[in-house]
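Notes follow the structure.
In my numbering, the protein residues as written are 171 to 501.
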């Protein structure tokens, strides 16, 4: 599907961008991959890492807030993967206007530029925090998700198709609990603070995140939200996996933090189909044609909710030890 195609990745110098580029270069023969981001130093580092692919990789300095620059970067592009965002919850709370400019206005700029130049398909990365949001970051990503789904109506029946991929914090990614615990352990501490003993999270690796994006690029027909089936774990079990026998003082939940990650709400269940390795939430509204259900899925029950706290698949301490030794090697 991606052979001899041109792909643009916004925020392409982040952890996801690095792994996406590596995955595509390993499994396909793209004509060109355009890395679109603001940090010239990260682009320099990335270009050195993939020096053998300099005939394929292109690096564009630009901001998703700049629609004109996006239009220029998207010229002749077949597929766009939108990974750029302001993601840190406290930073978004303290700088709300900046979060809106990047996460909401930036999404509109991606949509407008893609429609104008005739991109085939756009897949935007979302987050569990967009589900019943309790912080500004989640609120901006909810709006972004709605914009991308509704954008299919602008493309009409045969124009640019837009879809969303949703998952929580990737294991070991910046801002997640694993590097936080690791920094404490590296300083010789024997205690790992737990915000709430009941807290759970989903486990998804970079590899799984990239594979879900590839699936969306291949299968999306417009307006879908793709969600991987992944295991859950308890934060207390993660602490014991990283520092066996450690003390775990409960320090209280942080502002804007949830006890559990929720990917599919009960309200979304009426439009959610279960597949072998993923779920798809289909749009409530479909102004661009009949609702096109991808074959192989089954509508979930009306009471269904996909939450890390009520998941059917779990990782225990030994499972987490193994995951820490394997999945984190991707970083």
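Glycine residues also receive a C-beta, built at the ideal position from the N, C-alpha and C atoms.
Taking C-beta separations shorter than 8 Å and ignoring five residues to either side along the sequence, the partners of residue 217 in its chain run 224, 227 and 229, following chain order. Spatial neighbours of residue 283 in its own chain (CB-CB distance under 7 Å, excluding positions within 5 residues in sequence) are listed in chain order as 237, 240, 241 and 244.
For residue 475, no alpha helix (DSSP H) encloses it, and the DSSP letter there is neither H nor E. At least 9 Å separates the beta-carbon of residue 345 from that of residue 428. By DSSP's assignment, residue 397 forms a beta bridge with 336 and 449. Per DSSP, residue 405 is one residue of the alpha helix (DSSP H) stretching across 405–412.
Contact between the region 384–402 and the region 331–340 is present: three or more C-beta pairs spanning the two stretches fall below 8 Å. Residues of the same chain with a CB within less than 6 Å of the CB of residue 412, apart from the 5 flanking positions on each side, are 351 in chain order. Take the alpha-carbon of residue 277 and the one of residue 376: they are about 23 Å apart.
Close CB contacts of residue 462 within its chain, under the 7 Å cut and outside five residues either way in sequence, are with 391 (chain order). A Cβ-Cβ distance of about 5 Å is found for the pair residue 400 and residue 374, placing them in contact under the 8 Å criterion.
Sixteen is the threshold: since fewer than 16 other Cβ atoms of the shown chains lie within 10 Å of the Cβ of residue 304, the residue is exposed. Excluding five sequence positions before and after residue 409, the CB atoms of its chain that fall closer than 8 Å to its own CB belong to 351, 362, 364, 416 and 418, given in chain order. Here residue 325 has 285, 331, 332, 392 and 458 as same chain residues with Cβ atoms under 8 Å from its own Cβ, once five neighbours each way along the sequence are excluded. Closest in C-alpha terms to residue 292, from the list 307, 232, 379 and 248, comes 248. Under the three-state reduction of DSSP output, residue 433 falls in the strand class. When C-alpha distances from residue 312 are compared across 251, 380 and 301, the shortest belongs to 301.
The DSSP-derived three-state label of residue 297 is strand. In the displayed model, residue 494 falls within a helix according to three-state DSSP.
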